[in-house]
Every structure is written in structure tokens, then in C-alpha cells.
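Engineer:
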Amino acid sequence: MKKEKLAAVRGMNDLLPADAPPWEAFEARAIDVLRAYGYQQIRTPIVEHTALFTRGIGEVTDIVEKEMYSFVDQLNGENLTLRPEATASVVRACIEHNLLYEAPRRLWYMGPMFRHERPQRGRYRQFHQVGAEALGFPGPDVDAEQILLLKRLWEALEIGPVRLELNSLGDGEERAKHRSALIAYFESHAELLDADARRRLHSNPLRILDTKNPAMQALVAEAPRVTDYLGAASRAHFERLQELLAVGGVEFSINPRLVRGLDYYNLTVYEWITDRLGAQGTICGGGRYDPLIEMLGGKPAPSCGFAIGVERVIELLRESRQPSDQAVCDVYVLHQGGGTYLAALRAAEQLRDVGLEVILHAGEASLKSQMKRADASGAEYAVIVGEAEAAEGKAMVKALRAADAAAPFAQQRPLALAELGETLVATLAAVSALDDEPISGTN
Ligand code: HAM
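Throughout the sequence shown, residue numbering follows the numbering used here, covering 15 to 457 in sequence.
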């Protein structure tokens, strides 16, 4: 019987080695920037009780209504869900471990999220987020701090222009007034509503403002704006945030129709958007979610946060960069089996001791075919432990990428095994310093 071919689940992607360098670069930069603002890492499980998300994100949201991977644990009957986002999980963990008992917290996380959406460019069923949550801060100073952090990250990544859209949703009472006004407005134009809008009219009218239906754009443009319902305190919060952003040199536009797809938000909401990724151009979304901790059973703690869609940022990085040098190691060590293998093994360990990345050829092969592997690895140097050299406590060193005949080891030459590490570290440092020198001269 022919076996069915196994493949990854639709919308869930493998990250192959050739694609890993921009991910590693992005993650390292993101961690640096998060640390620069005093954020600490938190990791929560990928599976949570379904009730966490229905309560936290809201029953009448796209995510909870139709995008969650929920299942009943076959062994104990628990209702579980693969996390569609991590804010609810972080808040749960803070309540469960009493993390806010002594002081507020600045936390960050990264990892996969799961939403059963229709896959397309920039939209996947397993995708990755890097996010941050500041819990126990009423803002708007922390709201501004997070936006400045993001601006710094985009600049460090050199991903080109991304614009910031900002809005304020007000507090619960103001939102309720706006909601009633919206329902009344849409009811008075019922004949213009599409099926989706009619379905949401009483359950989640705010989401109608998010419609992509071209036939409803004019109607939505004239709808009551949430910013017209803000009271004095909410208005002051929004104005102070704008002042702080101006001081920090952050450009933004106010989008009164920006409502976000999760129910826990109040006051500040924002999205960073690029025009270079087609329909899925939002690379980051966030805002304030003061009520969430109480909704999940904790003591009140005003909070705000954001999450970055990693796949989308990686696509921008790929667009704006030359393919990077994909060397797997600095040094490739060749040998002729037997005693030379043992000498090569010791040499490779010594090289790793001094911080070099080393591949020691595994298995037996001719030196010629080992040399081909060494070349393909992208290594700067081959270290060849042949029988004659090993007997003398030496190895041959050859530069694999030297364009210049005068470069160190452009011609293969022997070196005492005891000096290998120190010499290669120094030579590599000199070569990379030359590469970094500004180009001058007349050609
Ligand atoms: P979100 O807007 O649902 O917010 O997601 C944040 C970002 O994740 C989006 O802007 C997008 O870049 C990326 N993203 C979302 N869905 C997908 C998908 N199916 N495929 C690829 N990328 C996707 C949240 O998740 C909130 N937890 C953010 C937050 C944190 N708010 C406060 N704290």
C-alpha cells in the first residue's frame, strides 16, 4: 500500500536553515531593545484553558468566534485552546504567581500563536509574535515609552518607513455611550449594512468600523467617532500621550476608526503599518487594557502592551537587505581518519575553547571531497590534520576566501597545533577589521 505523503499543516510553516539568519538577527535586536527599556522575559504555555481567551479577548470577536484551535483533552475532558495571542496568558500568569504584589512589571515574550484564518501572504495559522506588556502602570508615560521602544526597534532593523496610527477608545462608560450612538446610527441606515454588519450590529458594533467592504466605506466614514465621546480624563490622557510622542520625535496620525480586534482595550490603541506588504501591512498592534486583569479575576492594575508580527517584519527585512553571508562556521577541520582524527578532534575542541565556530568533518572521505564540504560551509579557514603534520604536532592551515595572494594563509602552510586557536582568532579579527574599513582610493 502506498503511504500518504506527510506535509506540514496548511498555514503552518517550517523555518528552514537558509531562512533562519534574519529571524536570529531580528530576535537578537528585539531582545536588545526590550532590555534597553528594562523589560524582563516571561514564557507561558502554548496551551491554556479555553475560558481564558473567551473571557479575556471577548466572546464576540473574530478570534473567539471562529479562529481558535480549541479541543477537548481526550484524557481528562478539559477544554483547551492553542493560544491565539499572549496578553491574556501573561495577565493570567501575573495573577497566578502574584507578580504585581510588590511593584509593577515590564515583561516581554516571543513565540508562536495560532489562529485559524484563511492563509495568504503575511497571514498564517501558526505565526510568531514578539510582545511586551507593562502591568500596573496607568500611563500615558508607559504608553509613550512602548511606542518609543518600537520606533527604536524599527530604526535598528532598518526596515524603512512604517507609519503609526493612533486612537483613543476612552473608558468603559464613554465606550458604552459611543456604542449606543453607533447602533442608533447604523440602525437608521439599516438598508446599507451588509450581512456581516447586520450580524454584529448589537453584539459588537465597533467592529463594523473595521469593515473592508468598499460599499460601506462612505457609511462608516460618517459614523459617530469614539473620540467625540471622550471625557476630560480620557482626553487629557490622549493629549499627554501625543505631547510625549512629539517630544520623542515620533510621527503619527490619528485614525478615529482604529478599534482593534480584541475586546480588552480602553484608552490608547495603535497600529504600525507598512504599505510594502500588501493587504497584511500591520506589523504591530497594541494599546492599553486597564480592565483585563479584573476580568480575569485579579486586583485592578492598569496595563498596556503590544505585539509584533514577526513573519511580517522578516519579510520587510528580506526586502530591504542583500542576502546575508550564510557561513555556517569559521573553521572546517579535515583529517585522514585513525590517529589524525583524534588529533583533529582535540584541535577542533581547542578552537571552540577560544570562541570559534568549528565543523569537524564527520566520517571518512578523501581530503579532496572534505575540501569541497569545507568550501561549501562558508568557513574562512580549513585546518587539515594529515598524517605527516599530525606526527609533528602540526596542521596545515588554508584560507578559503582570500581574494588577495598576500592574505594570511592564502598559500597553505603548517602551524603548530598549540598555536592554532590564538593565530586564527587574531587573523580572523584582522580580516574582519579590513572588511569594515571604509572604501577609499581612486578606483
Ligand atoms: P493583534 O493585533 O491581534 O494583537 O496581533 C499583533 C500582530 O500580530 C499583528 O499586527 C500582526 O502583525 C500579527 N498577526 C496577527 N495575526 C496574524 C496571522 N494570522 N499571521 C501573521 N501575523 C499575524 C495582539 O495579539 C495583542 N495581544 C497585542 C497586544 C499586546 N495588545 C496589548 N498587548
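C-beta: ideal position from N, C-alpha, C; glycine also.
Everything numeric in this text was worked out from a predicted model, so none of it was measured.
1. Taking its Cβ as the centre, do 16 or more other Cβ atoms sit within 10 Å of residue 455, making it buried, or is it exposed?
2. Rounding to the nearest angstrom, what Cα-Cα distance links residue 30 and residue 329 in this structure?
3. So which of 347, 352 and 319 has the shortest CA-CA distance to residue 13?
4. Mind checking who residue 165 pairs with in its DSSP beta bridge?
5. Is it the case that the Cβ atoms of residue 263 and residue 284 are separated by a distance below 7 Å?
6. Check whether the segment 291 to 305 and the segment 131 to 140 touch, using three or more Cβ-Cβ pairs below 8 Å as the test.
7. Which whole-angstrom value describes the C-beta separation of residue 208 and residue 229, a residue pair presumed to lie in contact below a C-beta threshold of 8 Å?
8. Could you tell me the distance, in whole angstroms, from the CA atom of residue 182 to the CA atom of residue 82?
9. From residue 452 to residue 445, what distance separates their C-alpha atoms?
10. Go ahead and pull the three-state DSSP assignment for residue 62.
11. State the start and end residues of the unbroken beta strand (DSSP E) segment that holds residue 428.
12. Cutting at 7 Å between CB atoms, please list the residues of its own chain near residue 404, excluding the five before and the five after it.
13. By the 10 Å Cβ neighbour count, where 16 or more other Cβ atoms means buried, how is residue 226 classified, buried or exposed?
14. Can you find the residues in the same chain that come closer than 7 Å, C-beta to C-beta, to residue 421, ignoring five residues on each side of it along the sequence?
15. Can you confirm whether the segment 300 to 315 touches the segment 274 to 283 when touching is taken to mean that 3 or more C-beta pairs between the two stretches lie within less than 8 Å?
16. Does residue 82 come out as helix, strand or coil in the three-state DSSP assignment?
17. In terms of residue numbering, what span does the beta strand (DSSP E) encompassing residue 346 cover?
18. Can you grab the Cα-Cα spacing for the pair residue 221 / residue 232, in whole Å?
19. Output needed for residue 340: all residues of its chain with C-beta closer than 8 Å, excluding positions within five of it in sequence on either side, in chain order.
20. Taking only the alpha-carbon atoms, compute the straight-line gap between residue 277 and residue 23 and give it to the nearest angstrom.
21. Where does residue 126 fall in DSSP's three states?
22. What number of angstroms, rounded off, separates the C-alpha of residue 457 from the C-alpha of residue 369?
23. May I ask whether a heavy atom of ligand 1 can be found less than 6 Å away from the beta carbon of residue 120?
Structural biologist: Looking at the coordinates:
1. Low confidence applies here, because residue 455 scores a pLDDT of 37, under 50, leaving its location unreliable and the question unanswered by this model.
2. 15 Å
3. With the chain represented from 15 up to 457, any question about residue 13 goes unanswered, as that position is not in the structure.
4. Beta-bridge pairing links residue 165 to no other residue.
5. no
6. yes
7. 7 Å
8. 27 Å
9. Confidence in residue 452 is poor, its pLDDT being 49 and thus under 50, which makes the residue's placement too unreliable to answer from.
10. strand
11. 427 to 430
12. 353, 354 and 357
13. exposed
14. 413
15. yes
16. coil
17. 345 to 349
18. 16 Å
19. 32, 35 and 392
20. 29 Å
21. strand
22. At residue 457, the pLDDT of 35 sits below 50, so the modelled position is not reliable; the number obtained from the coordinates is stated separately. Using only the alpha carbons, I get a separation of about 37 Å.
23. no
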